[in-house]
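Counting in the working numbering, the sequence shown runs from 972 upward without gaps. The beta carbon of each residue, even a glycine, is placed where N, CA and C say it ideally should be. Just so it is clear, the structure is predicted and the values come from calculations on it, not from any experiment. Reading through the structure tokens given below for one structure.
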Amino acid sequence: AVYYLNKARKSSLLMRKNRPAPPAITVFSPSEGTSSGNFSIKVKGEVAGAGFISKLSINGIPYRIDLAKKSIGFEKDVDLNEGSNSIVIICEDLLGNISEKKIPLKIDSEGPAIYISDLVRERQDGKEFVRITGEINDDTGISELFFNGTSAKADALKMHSFKMRLPFTAGERLVIRAVDLLNNETVA
972 AVYYLNKARK SSLLMRKNRP APPAITVFSP SEGTSSGNFS IKVKGEVAGA GFISKLSING
1032 IPYRIDLAKK SIGFEKDVDL NEGSNSIVII CEDLLGNISE KKIPLKIDSE GPAIYISDLV
1092 RERQDGKEFV RITGEINDDT GISELFFNGT SAKADALKMH SFKMRLPFTA GERLVIRAVD
1152 LLNNETVA
């Protein structure tokens, strides 16, 4: 019965003087340019058109539609890879009008990179210090920095240079901890 209803709707649409415009694709989530630390993301949206939506695919995977409708909501988990990705949504109505929407996004599961360019032990007034110079980089931005447990200003910068002098006791470990905006962490 669904097959014949779709055929009847198509015939009715073909008899109209004014053909319907191609379908519209609205994506509720994720938004363009989203960054995520997860390798799977839920895509939610809606396709709509007066030509009755009959086909829909998300990243090449067909979304089941039995009966063509003027509006169809969709929700699908999509697997992604590290780095730049695009989610491609394609829909078609009964008349063969096709619409496509690409949503660029980025997957980042790695913590900030910590580079130490200079590390020197110093002594002053009978106390030992360590002078450390370097930088921390992260494509999504740095949200937190800690040098031996002491917080440093990060300001969501993608690159943070540092030159610090910290008290040092023989046998003590020097720990640098950096967290990016997606909560990926690196400890050095």
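Using the rule of at least 16 other Cβ atoms within 10 Å of the residue's Cβ for burial, across every protein chain shown, is residue i buried or exposed?
i	result
Asn-1056	buried
Leu-976	exposed
Gly-1016	buried
Asp-1126	exposed
Val-1014	buried
Asp-1151	buried
Leu-985	exposed
Pro-1001	buried
Under a three-way DSSP split, which group does residue i fall into?
i	result
Lys-988	coil
Ser-1080	coil
Arg-980	helix
Val-1146	coil
Tyr-1086	strand
Does the distance from the C-beta atom of residue i to that of residue j stay below 8 Å?
i	j	result
Ile-1078	Gly-1054	yes
Pro-1075	Gly-1004	yes
Ser-1007	Leu-1153	yes
Ile-1029	Ile-1058	yes
Tyr-1086	Glu-1106	yes
Phe-1139	Val-1101	yes
Pro-1197	Ala-979	The requested residue 1197 does not occur in the structure, where the chain is confined to residues 972 to 1159.
Asp-1037	Val-973	yes
Leu-1065	Lys-1124	no
Out of the options, point me to the one whose CA is closest to residue i's CA.
i	options	result
Lys-1047	Gly-1031, Gly-1020 and Lys-1040	Gly-1031
Arg-990	Gly-1020, Glu-1115, Lys-1013 and Val-998	Gly-1020
His-1131	Asp-1110, Leu-985, Ala-1141 and Gly-1120	Asp-1110
Asn-1108	Glu-1081, Ala-992, Asn-1052 and Arg-987	Glu-1081
Gly-1067	Ala-992, Lys-1073, Thr-1157 and Tyr-1034	Ala-992
Ser-1011	Pro-1033, Ser-983, Arg-1035 and Asn-1052	Asn-1052
Val-1158	Gly-1142, Tyr-1034 and Glu-1115	Glu-1115
Glu-1143	Asn-1009, Glu-1099, Glu-1156 and Phe-1133	Glu-1099
Ser-1088	Pro-1033, Asp-1096, Phe-1133 and Asn-1009	Phe-1133
Please work out which residues of its chain come closer than 7 Å, Cβ to Cβ, to residue i, disregarding the five sequence neighbours upstream and downstream, and give them in chain order.
i	result
Phe-1118	Met-1135, Leu-1137 and Ile-1147
Lys-1040	Phe-1023 and Ile-1024
Does the beta-carbon of residue i, which I'm using as the reference point, lie nearer than 7 Å to any heavy atom of the ligand ADP?
i	result
Ile-1113	Judged by which ligands are present, the structure shown has none, so any question about the ligand ADP falls away.
Starting from the C-beta of residue i, find all residues in its chain whose C-beta is less than 8 Å away, skip the five residues before and the five after it, and write them out in chain order.
i	result
Leu-1128	Gly-1112 and Ile-1113
Val-1018	Pro-994, Ala-995, Ile-996, Thr-997, Ile-1024, Leu-1027, Ser-1042, Ile-1043, Phe-1045, Ile-1060, Cys-1062 and Ser-1070
Phe-999	Lys-1015, Gly-1016 and Glu-1017
Which residues in the same chain as residue i place their Cβ atom closer than 6 Å to its Cβ, once the five residues preceding and following it in sequence are excluded?
i	result
Ile-1103	Leu-1090 and Met-1135
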